[in-house]
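Here's the structure, in structure tokens; my notes come after.
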Amino acid sequence: MGLLSRVRDGLRRTAQQLVGRFDDIARRADTADRRRIPVDAETAEALEELLISADVGVAAASRIVSGVTARARRGESLRDLVKDELRAIVGDDPTAPAPPAGNPTVVLVVGVNGTGKTTTVAKLANLAKAQGLDPLVCAADTFRAAAVEQLEIWAHRIGVDVIRARDGSDPAAVVFDALAAGRARGRSPIIVDTAGRLHTRANLMQELEKIRRIAAREVAGAPHEVLLVLDATVGQNGLAQAREFMASAGVTGVVLAKIDGTAKGGIAVAIAHDLRLPIRYLGVGESMDDLVVFSANEYVDALFEEGW
Ligand code: GDP
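Note that my numbering has the sequence shown beginning at 1, numbered continuously upward.
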């Protein structure tokens, strides 16, 4: 399956929700007196409600509607106007420059348990391999033996080594080992799965900070990327989670997982608008291949895909 169709498939539920209702709004707007008022108040209100229902967020929805209203001219397609505004928020293509390469490149993956973090680590390793890189995975979620075992099963399947904790060892020590092993074996990127829950939130954030410090000490410029995994099905609650991680984990980008399981795929817009974080990848399913590099164009096209 091509990349675009993977994105389209992933966003199917969101698009199905959006498109029919959007067409009704556009049709009504077309029959209204668009010579005098290209986007009337009723259209603007219906559009804003529709965007909010897709979890685009109140602030972004309002910005989109103002932009559309201000720019609309007679005869212009409402769909194109909305798509332009969405693209302006989620970023041009590509959304953000790729992280600088390191020697080796160190990628920390953070997020609360259950969001799809461990699966994402395996998917990232799989993608790196497919790109001809030679990744190494580090299982630093020492709090959850099951996550480590799961990661080992996946890594074995895709043919990537895992550096894991000995029982009771410190996560930062595991990261230290992984960096040493990565250098010795010539592996890059080193993708680190971190804990998503500890005894307290403060403990968790301290642990992430410690991991960052060790990485920075051992490898110049590390961590080169800190990816926050957010569960798209959680909707706006994910934003509060994100703010917490941004404050202490130095998040540089977002992986939006489980976009396939929700009609609220507009959350990517809220993340870009409210948090000003680039979306790097979308998780579109449970298998190892179900991770796609985020593209603003593809995303916006998929949201408004016609003919569902
Ligand atoms: P963690 O606790 O954050 O490490 O989460 P896991 O990686 O263990 O994933 C939790 C559940 O979400 C598992 O059942 C995964 O198969 C599922 N999952 C992860 N990513 C995706 C995704 O992109 N789409 C779907 N549908 N499920 C996913």
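From the three backbone atoms N, C-alpha and C, an ideal C-beta is built for every residue, glycine too.
What's the gap between the Cα of Leu50 and the Cα of Ile271? Within the sequence shown, residue 50 is the residue found at index 50, counting from 1. Within the sequence shown, residue 271 is the residue found at index 271, counting from 1. Per the coordinates, the alpha-carbon of Leu50 lies some 18 Å from the alpha-carbon of Ile271.
Provide the residue(s) that pair with Arg164 in DSSP beta bridges, ordered along the chain. The residue given as residue 164 occupies position 164 in the sequence shown. For Arg164, which the question treats as bridged, DSSP gives the partners Ala139.
Using a threshold of 7 Å, state whether the C-beta atoms of Gly102 and Glu85 are closer than that. Counted from its first residue, the sequence shown places residue 102 at position 102. Counted from its first residue, the sequence shown places residue 85 at position 85. For Gly102 and Glu85, no; Cβs fall outside 7 Å.
Per-residue burial, Val90 [other beta carbons within 10 Å of its own, 16 or more giving buried]: What you label residue 90 is simply residue 90 of the sequence shown in a count that begins at 1. Val90 is buried by the Cβ-count criterion.
Examine the ligand GDP and report whether any of its heavy atoms sits within less than 6 Å of the Cβ of Gly261. Position 261 of the sequence shown holds residue 261. Indeed, a heavy atom of the ligand GDP lies less than 6 Å from the Cβ.
Could you check if Lys258 belongs to the surroundings of the ligand GDP, using beta carbon to heavy atom distance under 6 Å? For the purposes of this step, residue 258 is taken as residue 258 along the sequence shown, with counting starting at 1. Because some heavy atom of the ligand GDP lies under 6 Å away, the Cβ of Lys258 counts as near it: yes.
When we look at the beta-carbon of Trp308 and count the other beta-carbons within 10 Å, is it buried (16 or more) or exposed? Along the sequence shown, read from residue 1 onward, the residue named residue 308 stands at position 308. Residue confidence is low: Trp308 scores 42 on pLDDT, short of 50, so the model does not pin down where it sits. Its coordinate-derived value is still stated next. Exposed.
Start and end residues, beta strand (DSSP E) containing Asp177: Here residue 177 refers to the residue found at position 177 of the sequence shown. It is not in any beta strand (DSSP E) - Asp177 instead sits in the alpha helix (DSSP H) that spans 171–185.
Among Ala240, Leu133, Arg213, which residue has its Cα nearest to the Cα of Leu228? Reading the sequence shown from its first residue, position 228 is the one you call residue 228. If we check each option's Cα against that of Leu228, Ala240 comes out closest.
Helix, strand or coil, according to DSSP, for Arg280 in the structure here? Here the question's residue 280 lines up with position 280 in the sequence shown. Strand at Arg280.
So, is Thr142 buried or exposed, given that buried needs 16 or more other C-beta atoms within 10 angstroms? Counted from its first residue, the sequence shown places residue 142 at position 142. Flag for Thr142 reads buried.
By DSSP, does Ala195 sit in helix, in strand, or in coil? Mapped onto the sequence shown, residue 195 falls at position 195. Ala195 falls in the coil class under three-state DSSP.
Going by the C-beta, is Gly126 closer than 6 Å to any heavy atom of the ligand GDP? Within the sequence shown, residue 126 is the residue found at index 126, counting from 1. Note that residue 126 is Asn in the sequence shown here, rather than Gly. Checking every heavy atom of the ligand GDP against the Cβ of Asn126, none is found closer than 6 Å.
What would DSSP say about Ser287, mapped onto helix, strand or coil? In the sequence shown, residue 287 corresponds to position 287, counting from 1. In the structure shown, Ser287 sits in coil (DSSP, three-state: anything other than H, G, I, E or B).
Could you please give me the residues that DSSP links to Ile190 through a beta bridge? Residue numbering aside, residue 190 sits at position 190 when the sequence shown is read from its first letter. Beta-bridge annotation (DSSP): Ile190 is paired with Val106, Leu136.
On the DSSP bridge list, what partners appear for Glu209? Translated into the one-based positions of the sequence shown, residue 209 becomes position 209. Its beta-bridge partners do not exist; DSSP assigns none.
Could you check whether the segment 5–15 touches the segment 269–289, counting it as contact only if at least three pairs of C-beta atoms, one from each stretch, sit closer than 8 Å? Enough Cβ pairs lie closer than 8 Å, so yes.
Inter-stretch contact at 8 Å, needing at least 3 Cβ pairs: the segment 16–28 / the segment 235–249: These segments do not touch.
Under a three-way DSSP split, which group does Thr95 fall into? Within the sequence shown, the letter at position 95 stands for residue 95. Since pLDDT at Thr95 reaches only 49, below the 50 mark, its modelled position is unreliable, and no value is offered.
Work out the CA separation of Gly132 and Ala155 for me, nearest whole Å. Numbered from 1 along the sequence shown, position 155 holds the residue referred to as residue 155. Numbered from 1 along the sequence shown, position 132 holds the residue referred to as residue 132. Going from the Cα of Ala155 to the Cα of Gly132 covers about 16 Å.
Any non-hydrogen atom of the ligand GDP closer than 6 Å to Thr119 Cβ: In the sequence shown, the residue the question calls residue 119 occupies position 119. Yes, since a heavy atom of the ligand GDP falls inside the 6 Å radius drawn around the Cβ of Thr119.
Once the 5 residues before and after Arg164 are set aside, which same chain residues still bring their CB inside 6 Å of it? For the purposes of this step, residue 164 is identified with residue 164 of the sequence shown, where counting begins at 1. The beta carbon of Arg164 is closer than 6 Å to those of Ala139, Val148 in its chain, skipping five residues each way along the sequence.
Taking 6 Å as the cut-off, is the C-beta of Glu209 nearer than that to any heavy atom in the ligand GDP? For the purposes of this step, residue 209 is taken as residue 209 along the sequence shown, with counting starting at 1. The answer is no for Glu209.
Opening and closing residue of the beta strand (DSSP E) in which Ala272 lies: If you number the sequence shown from 1, residue 272 lands on position 272. Per DSSP, Ala272 belongs to no beta strand (DSSP E) and is neither H nor E.
So, for Lys129: in the same chain, excluding its five sequence neighbours on each side, which residues have a beta-carbon less than 8 Å away from its beta-carbon? Sequence index remark: in the sequence shown, residue 129 carries index 129 (1-based). The answer, listed in chain order, is Pro135, Ile158, Gly159, Val160.
At a threshold of 6 Å, does Gly283 count as lining the ligand GDP (C-beta to nearest heavy atom)? By one-based count along the sequence shown, residue 283 stands at place 283. Gly283: yes, Cβ under 6 Å from the ligand GDP.
Spatial neighbours of Arg187 in its chain, beta-carbon cut-off 7 Å, leaving aside the 5 residues before and after: As a position in the sequence shown, residue 187 is number 187, starting the count at 1. Hits under 7 Å: Pro104, Asp134, Pro135, Leu136.
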